[in-house]
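Letter by letter, the sequence shown follows residues 1 to 150 in the UniProt record's numbering.
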Amino acid sequence: MRLTKQTGYALRILLHCALSPERSVTVAEIARTQHITEHNVFKIVPMLVEGGFLETTRGRGGGIKLACKPGDIRIGDVVRVTEETHIEAECFGGGADCAIRPVAPINRILDDALSAFIEVLDQHTLLDLVSARPARPGAPDLLERLAPVG
Numbered sequence: 001m002r003l004t005k006q007t008g009y010a011l012r013i014l015l016h017c018a019l020s021p022e023r024s025v026t027v028a029e030i031a032r033t034q035h036i037t038e039h040n041v042f043k044i045v046p047m048l049v050e051g052g053f054l055e056t057t058r059g060r061g062g063g064i065k066l067a068c069k070p071g072d073i074r075i076g077d078v079v080r081v082t083e084e085t086h087i088e089a090e091c092f093g094g095g096a097d098c099a100i101r102p103v104a105p106i107n108r109i110l111d112d113a114l115s116a117f118i119e120v121l122d123q124h125t126l127l128d129l130v131s132a133r134p135a136r137p138g139a140p141d142l143l144e145r146l147a148p149v150g
């Protein structure tokens, strides 16, 4: 399964907030440091707030911060909020009114595969991503790569 850019952006937004636990961050700061357009940050933050991952404060001194500890945010939960969690094969012939589509054997297999994928993601949290260290010697640390630029 290929995750959308939206999920990648959501994880980067959460990582950025996790790396600044002592303060609220702004949309402009996230956009600049994570190389995401402000439009996309504005689009994704409400999903993450609704999912219970972020909280926002309006006004002077306001901003965005994690609503819970990084260890309480499962990657699978983020994917459930940002991705469609049901996949269905197209019927042969492309007919939208396929009578067997809901019970087609391939769709049950695809649902099982998606469930297994999400189950693996549920075993990992945002803290795992924050704590990630480079796999090869000399590779930049994740924290260094996410550090604000300029």
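Cβ coordinates follow ideal geometry from the N, Cα and C atoms, glycine included.
Going by beta carbon distance, what residues of the same chain come within less than 8 Å of residue i, once the five residues before and after it are set aside?
{"i": "HIS35", "result": "none"}
{"i": "TYR9", "result": "GLN34, ILE36, ASN40, VAL41, ILE44"}
{"i": "THR4", "result": "THR82, GLU83"}
Drop a sphere of 10 angstroms on the beta-carbon of residue i, count the other beta-carbons inside from all chains shown, and report buried for 16 or more, exposed for fewer.
{"i": "ILE109", "result": "exposed"}
{"i": "ALA18", "result": "buried"}
{"i": "ILE106", "result": "exposed"}
{"i": "HIS16", "result": "buried"}
{"i": "GLY59", "result": "exposed"}
Does chain D have any CB closer than 8 Å to the CB of residue i?
{"i": "ARG32", "result": "Given the protein chain composition of this structure (a single chain), no chain D is represented."}
For the alpha helix (DSSP H) containing residue i, name the first residue and the last one.
{"i": "LEU14", "result": "5-18"}
{"i": "ASP128", "result": "126-130"}
{"i": "ASP122", "result": "Unbroken run through ASP122: none, as it is neither H nor E."}
{"i": "ALA31", "result": "27-34"}
By Cβ distance below 7 Å, which residues in the same chain neighbour residue i in space, the five residues on each side in sequence not counted?
{"i": "GLN6", "result": "ILE44, THR82"}
{"i": "ALA28", "result": "GLU38"}
{"i": "THR57", "result": "SER24, GLY63"}
> Is there contact between the segment 38-50 and the segment 119-127, where contact requires at least three CB pairs shorter than 8 Å?
Replying inline: Segments in contact, no.
> Which runs of the beta strand (DSSP E) spanning at least 3 residues fall entirely within the segment 41-87, listed in chain order?
Replying inline: The segment 41-87 contains these whole beta strand (DSSP E) runs: 54-57, 63-66.
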